[in-house]
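Numbering follows UniProt numbering, in which position 77 of the sequence shown is assigned residue number 77; successive positions increment by one, without gaps.
C-beta: ideal position from N, C-alpha, C; glycine also.
Everything numeric in this text was worked out from a predicted model, so none of it was measured.
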Amino acid sequence: MAARLAFQGEVTTNDRMVDYLAARQILATEKVIHAFRAVDRAFFIKSSANVYLDMPIREGVCHLSAPGIYGLAFEAFQFAEGHSFLNIGSGTGYLSAVAAQLIGERAIHYAVERQRKLVEHARAKLAAAGVGSVQLVHSDCFAIEPSMSMRFDRIYVGAGASDDARFLMGMLEVGGVLVGPFENEMGQQKLIRCERLSEEEFVQHDLMSVHFQPLVYKHRTSPVVPVSLCAPRWSPRWHQSFPPEHRAVVMTVLALHAREECILSLLPKEILIEFVFPQIEYNSFSRSRSSSAQSSEGIPELNDKMRTSSEDDEVHVRATRFLRRAVRVARALFGHST
């Protein structure tokens with residue numbers, strides 16, 4: 001312990017903080033190490049002698065968890081470029097800035113924070129850091145309406161959660177991962193990793209014991225205004241933000257449109273770009289159901305059973321149905337019989 005504290009005493013820069021976490025194997029993968037190096041922790045909070053130590057920092061309304069907690073969470077996430085991300089209790093914006101390094105500027109990235117001062121702080125800091133992809137939302141997580149929102153590939157919960165916050169797990173895409181501090185049946189708080197295996201099956205693992213301040217309801221005396229975290233409508237500008245399956249369908253349709261022997265070529269390309277593609281929902285070709293079919297109720301007890309999803313061919317089926325509908329549209333418009 002003394003040696004560890006002595007070593008921590010030498011952690012006076014962001015690079016040394018990353019070296020320290022890597023030496024302890026908290027940061028293990030090269031891309032996560034690079035992301036933590038790219039974002040200076042001290043930039044998001046007022047100057048503090050302890051800002052780079054592996055400990056939480058609180059200055060006024062600003063709070064940062066220990067960097068080791070963030071590192072453990074990011075390794076558990078296994079981020080990939082393009083992953084959609086929901087950051088609950090986003091605070092100073094530091095964690096979102098690090099996440100943006102991994103998922104890219106074109107990924108859909110929501111950050112929900114109940115304290116207005118922190119939202120303003122995070123907005124200013126993220127803008128100054130050149131991170132323009134984060135959509136900051138001033139609210140608490142309990143105002144989020146899952147049935148009106150998209151699903152996410154990754155969700156981070158930055159405050160202590162109990163059973164009433166488990167609806168967030170239902171906002172995961174199939175294959176998605178949630179990391180956050182949840183209270184177990186014995187009242188102990190554990191940082192967990194929860195993965196959605198299918199529509200009804202989840203698997204949860206404890207990462208470590210933690211102590212986070214609890215999630216707080218922002219609206220206690222007034223009616224809650226539902227918050228929708230919506231995916232964008234397709235446009236050329238947003239194309240790269242859509243899931244790979246969705247982009248593949250769009251590009252396939254455009255490739256077919258370019259072939260004179262295909263009936264789709266009878267449609268003006270502008271019809272596809274301006275009217276057809278924007279009507280296709282963000283997750284129309286993903287394995288999970290559309291967000292309109294979501295429910296925050298009925299989520300089964302999490303367990304350790306792993307099963308292969310029975311929906312492996314669903315993307316192909318949905319893409320085929322879409323292409324058939326597009327052909328029917330072309331025939332209806334132009335009366336072509338082939």
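Simplified DSSP state of residue i, which is helix, strand or coil
| i | result |
| --- | --- |
| His109 | strand |
| Ser209 | strand |
| Arg114 | coil |
| Gln101 | helix |
| Lys125 | helix |
| His138 | strand |
| Gly170 | helix |
| Glu195 | strand |
| Pro236 | helix |
| Asp163 | helix |
| Glu183 | strand |
| Gln189 | strand |
| Pro278 | helix |
| Leu27 | coil |
| Leu267 | coil |
| Leu95 | helix |
| Ser291 | With a pLDDT of 37 at Ser291, under the threshold of 50, the modelled position of this residue cannot be trusted; read the value that follows with caution. Ser291: helix per DSSP, three-state reduction. |
| Pro146 | helix |
| residue 417 | This structure cannot speak to residue 417, because the chain is shown only from 1 to 338. |
| Leu254 | helix |
| Pro243 | coil |
| Val119 | helix |
| Val51 | coil |
| Val216 | coil |
| Val177 | strand |
| Val249 | helix |
Range of the contiguous alpha helix (DSSP H) that encloses residue i
| i | result |
| --- | --- |
| Pro67 | Pro67 to Phe77 |
| Asn14 | Asn14 to Ala23 |
| Glu200 | Segment: none, Glu200 is in no alpha helix (DSSP H) and carries neither H nor E. |
| Phe36 | Glu30 to Ala38 |
| Glu260 | Looking at the DSSP string, Glu260 is not in any alpha helix (DSSP H), and its letter there is neither H nor E. |
Distance between beta carbons of residue j and residue i, contact taken as under 8 Å
| i | j | result |
| --- | --- | --- |
| Val93 | Phe44 | One detail in the question is off: residue 93 reads as Gly in this sequence, not Val. At roughly 6 Å, the Cβ-Cβ gap stays under 8 Å, so Gly93 and Phe44 are in contact. |
| Leu207 | Leu72 | 6 Å |
| Gln189 | Gly158 | Wrong, their Cβ atoms sit about 13 Å apart, outside the cutoff. |
| Phe152 | Phe85 | 6 Å |
| Leu229 | Tyr156 | Contact flag wrong, Cβ pair sits at about 14 Å. |
| Tyr70 | Leu95 | 6 Å |
| Leu264 | Leu256 | 5 Å |
| Val250 | His239 | 7 Å |
| Pro232 | Ile273 | Not confirmed; about 15 Å, so no contact. |
| Glu30 | Lys46 | Rounded, the Cβ-Cβ distance is 31 Å, inconsistent with contact. |
| residue 358 | Leu126 | The requested residue 358 is not part of the displayed model; the chain covers only 1 to 338. |
| Ile280 | Trp234 | 6 Å |
| residue 344 | Ala107 | Here the chain comprises residues numbered 1 to 338, so residue 344 is not present and cannot be evaluated. |
Chain-order list of residues whose beta-carbon lies under 8 Å from that of residue i (same chain, five-residue window excluded)
| i | result |
| --- | --- |
| Pro243 | Gly82, Tyr282, Asn283, Phe285 and Ser286 |
| Ala76 | Val177, Val179, Arg193 and Leu207 |
| Glu173 | Ser84, Arg151, Phe152, Asp153, Arg196, Asn283, Ser286, Arg287 and Ser288 |
| Gly68 | Leu21, Arg24, Ile26 and Asp54 |
| Cys262 | Leu256 |
| Lys269 | Leu254 and His257 |
Same chain, Cβ closer than 7 Å to residue i, five either side skipped, listed in chain order
| i | result |
| --- | --- |
| Asp15 | Arg37 |
| Cys141 | Ile88, Val112, Ala165, Leu168 and Leu215 |
| Gln213 | Ala159 and Gly160 |
| Ala28 | Glu75 |
| Ile33 | Val18, Ala22 and Leu27 |
| Lys117 | Val61 |
| Val51 | Arg41, Ala42, Ile45 and Ile57 |
| Arg114 | Ser139, Asp140, Val216 and Lys218 |
| Val11 | Met17, Tyr20, Tyr52 and Leu53 |
Chain-order list of residues whose beta-carbon lies under 6 Å from that of residue i (same chain, five-residue window excluded)
| i | result |
| --- | --- |
| Ile144 | Val227 |
| Val131 | Ala97 and Ala100 |
| Arg123 | Leu136 |
| Ser162 | Glu183 |
| Pro181 | Gly160, Gln189, Leu191, Val210 and Phe212 |
Boundaries of the beta strand (DSSP E) in which residue i is found, first to last residue
| i | result |
| --- | --- |
| Leu86 | Phe85 to Ile88 |
| Cys230 | Segment: none, Cys230 is in no beta strand (DSSP E) and carries neither H nor E. |
| Tyr156 | Phe152 to Val157 |
| Glu274 | Unbroken run through Glu274: none, as it is neither H nor E. |
| Ile57 | Ile57 to Glu59 |
| Leu64 | Cys62 to Leu64 |
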